[in-house]
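Asks:
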Amino acid sequence: MRAPVASRLLCLALVAAPLAAAPAAEKPDPAEVFAALPLREIGPALASGRVADLAVDAERPWRWLVGVASGGVWSTENAGASWTPLFDREGSFSIGAVAVDPNDPLVYWVGTGENNGQRSVAYGDGVYKSIDGGRSWKNVGLGDSQHVGKILVDPRDSDVVWV
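Here it is as structure tokens:
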């Protein structure tokens, strides 16, 4: 009985020895690995949800604000590698439009209620504004509009906003 145990241990040692002696592989830089990775839907189903609108900070193109048809508002500070929800405590989860003020990248505008004619659309409760990069929000009106399809901030005068 000792011979089979000893031969098994010897085989295990012969297999494990090259692995222990091999140099540790260098870990690739995640930025390099993901640099050429295209944006795509990853699940859980074939179509995982609809992005209703996207706004990019012109001065910092890695900062995005995304409005999801039935999932609120999300931001990324690293071109989509990670996301932060910004709108979870507000009155509507359905988003139709988002905008970043071209004169102040901390001012965000959100129009609630996806503007898409299909059965899965939810009503919104107006237009919201944040002056602190999405940490807090104020409903600034148009509560009965139900659906907002576009928000434009005048680049010459941030007090002029078209909805």
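Read in the working numbering, the sequence shown has 1487 at position 107, and its numbers run on one by one without any break.
Ideal Cβ placement from N, Cα and C applies to all residues, glycine included.
Because the structure is a prediction, the values reported are computed rather than measured.
Opposite G1519 in the DSSP bridges: which residues?
Replies: For clarity, residue 1519 is Asn in the given sequence; the question names Gly instead. Paired residues: Y1508.
Asks: Within a Cβ cutoff of 8 Å, which residues of the same chain sit near D1468, ignoring the five residues on either side of it in sequence?
Replies: G1452.
Asks: Indicate the three-state DSSP secondary structure (helix, strand or coil) for V1543 in the structure shown.
Replies: Correct three-state label for V1543: coil.
Asks: Once DSSP output is grouped into helix, strand and coil, what is the label at P1482?
Replies: coil
Asks: Decide if G1521 is buried, meaning its Cβ has at least 16 other Cβ atoms within 10 Å, or exposed.
Replies: exposed
Asks: What residues match up with V1436 in a beta bridge as DSSP calls it?
Replies: W1444
Asks: Taking C-alpha atoms, which residue in T1464, I1511 and D1433 lies nearest to G1529?
Replies: D1433
Asks: Is the CB-CB distance between L1486 and I1511 below 8 Å?
Replies: Yes, these two residues count as a Cβ contact at 8 Å.
Asks: Look up V1533 in the DSSP assignment and say whether it is helix, strand or coil.
Replies: Note: V1533 maps to strand in three-state DSSP.
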